[in-house]
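With this note's numbering, the residue at position 202 of the sequence shown is 1015, and numbering never jumps. C-beta atoms are modelled at their ideal positions from N, C-alpha and C, and glycine is treated no differently. Remember, predicted model here, so these are calculated numbers, not experimental data. Each remark here refers to the structure printed beneath this line.
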Amino acid sequence: MTYHYQIYFRRRRGATGIPFELAQTEFKAIFSPFGLHIKHGHIPKHRIWVTLKLSPKEIPQHAQNLAYTEAILSQRIEPYSGKEINPIGRGGWYTGWIRQDDKQIYQEEVFVQDIQNRRSESPDQHAFPVYINNQLIHIQGHHVGRALSAMDTRYLFNIADLPPNARILDPFAGFGSIIREGHRRNITIFASDIDPILSLGLQGLAPQSYALADARSLPYKSQTFDAIITEPPFDAKRQQAIVEALPNLMCILKPKGKLVLLIAQNMLAPIQSQCTLHHLMLTQISIIPRDHGLRCPVLVIQSLTK
814 MTYHYQIYFR RRRGATGIPF ELAQTEFKAI FSPFGLHIKH GHIPKHRIWV TLKLSPKEIP
874 QHAQNLAYTE AILSQRIEPY SGKEINPIGR GGWYTGWIRQ DDKQIYQEEV FVQDIQNRRS
934 ESPDQHAFPV YINNQLIHIQ GHHVGRALSA MDTRYLFNIA DLPPNARILD PFAGFGSIIR
994 EGHRRNITIF ASDIDPILSL GLQGLAPQSY ALADARSLPY KSQTFDAIIT EPPFDAKRQQ
1054 AIVEALPNLM CILKPKGKLV LLIAQNMLAP IQSQCTLHHL MLTQISIIPR DHGLRCPVLV
1114 IQSLTK
């Protein structure tokens, strides 16, 4: 049996817009296994209308990890009865009966993003301890450009298509956003970073699974991880080392494992060249916009030989 739904995507993330295509890509990654059919969309209003082989009661368990979807409304579609219709305004959408041409549609909220909970996951809500000049200080990640936003972190996990009981690695752990998301999902996650200043905070987040290590020479056996999910530093001085790390990262992935990367635009060409050299399959999934006009590619890399 198929069910009808109207999907409302988020338009903005702070001062940065969320492209319609980005939100739709995430939604498809989550719901394609359940007979997703997109009937039509309205790009300016960030909406799509779909059918799914999931009942309204089944939607929340799959929607709970969405980053860029604001609400999902179920729809019961009937011929218009001729009676007066008074929909109920909910801010960005309507519930109850609405009229559309020769039909009347009963809409109910089956999923609405918890704004307060999402806000609590933001990097500026988590003080990260570091030693600088032998002094312990606590800083918020997004203020120093080293913390991935909670929404973008969710997105990277969602497109990774993780198997049950997955083992994940973040080899450029920074301020630990990917570790926190792994914990939120009860996923086994390992982390490493070459920067010793970050060790105190990362050990606190992953006391049994953090390593101070260069991504080009990680202390893990081959075929250890189901996925590697990471945002390498955007610093141009580290670009060559990051590109050189790719073969080692692919080695520690299990067969069919995925390397999911959010990168700076200027890293794309060197990574493409490295993938060609080492017979790796690279797919550019999307572009995530950042402040100051930055456009950050999201890549999935897999081995062609495993």
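Bridge-paired residues (DSSP) for residue i
i: ASP983; result: ALA1004
i: GLU922; result: LEU886
i: TRP910; result: TYR919
Cβ-based burial, residue i [other Cβ within 10 Å; buried from 16]
i: THR1043; result: buried
i: HIS956; result: Residue placement at HIS956 is flagged as unreliable, the pLDDT there being 46, under the threshold of 50; the coordinate-derived value follows with that caveat. Exposed, by the Cβ-count rule.
i: HIS859; result: buried
i: PRO936; result: buried
i: GLY799; result: Residue 799 cannot be examined here, being either before or after the span of the chain that is shown, 814 to 1119.
i: HIS939; result: buried
i: ARG950; result: Note that residue 950 is Ile in the sequence shown, not Arg. Exposed, because fewer than 16 other Cβ atoms sit within 10 Å of the Cβ of ILE950.
i: HIS1105; result: exposed
i: MET1094; result: exposed
i: LEU1059; result: buried
i: ILE901; result: exposed
i: MET814; result: exposed
Segment limits, alpha helix (DSSP H) that includes residue i
i: ALA1024; result: Run containing ALA1024: none in the alpha helix (DSSP H); it sits in the beta strand (DSSP E), 1023-1025.
i: PRO1060; result: 1052-1064
i: THR1096; result: Element bounds for THR1096: not the alpha helix (DSSP H) but the beta strand (DSSP E), 1093-1102.
Continuous beta strand (DSSP E) stretch holding residue i: start and end
i: GLU871; result: Segment: none, GLU871 is in no beta strand (DSSP E) and carries neither H nor E.
i: GLN948; result: 948-953
i: ILE1076; result: Counting along the chain, ILE1076 falls outside any beta strand (DSSP E), and DSSP gives it neither H nor E.
i: SER1116; result: 1108-1116
i: ASP853; result: The sequence as given places His at residue 853; Asp does not occur at that position. From DSSP, the beta strand (DSSP E) with HIS853 extends over 850-855.
i: HIS817; result: 816-822
Pick from the options that is closest to residue i, judged by C-alpha positions
i: GLU994; options: HIS850, ALA880, VAL863; result: ALA880
i: LEU1031; options: LEU1062, LEU835, LYS1050, PHE1038; result: LEU1062
i: THR1089; options: LEU1066, ARG1108, LEU1075, THR1118; result: THR1118
i: LEU1018; options: VAL943, ARG823, LEU1074; result: VAL943
i: ILE1008; options: ALA1026, GLN1021, ALA842, ILE1002; result: Note on residue identity: the sequence assigns Asp, not Ile, to residue 1008. Measuring from the Cα of ASP1008, the nearest candidate turns out to be ALA1026.
i: GLN1115; options: LEU1107, GLN1087, ILE1100; result: GLN1087
i: HIS996; options: SER1012, PRO984, ALA979; result: ALA979
Rounded Cβ spacing between residue i and residue j (contact assumed at less than 8 Å)
i: ILE991; j: LEU1015; result: In fact, because the Cβ distance is near 11 Å, the residues do not count as touching under 8 Å.
i: VAL923; j: LEU886; result: 7 Å
i: TYR821; j: LEU867; result: Actually they are not in contact, since the Cβ atoms of TYR821 and LEU867 sit about 17 Å apart, beyond 8 Å.
i: PRO1083; j: GLN1097; result: Rounded, the Cβ-Cβ distance is 14 Å, inconsistent with contact.
i: HIS875; j: ILE843; result: 6 Å
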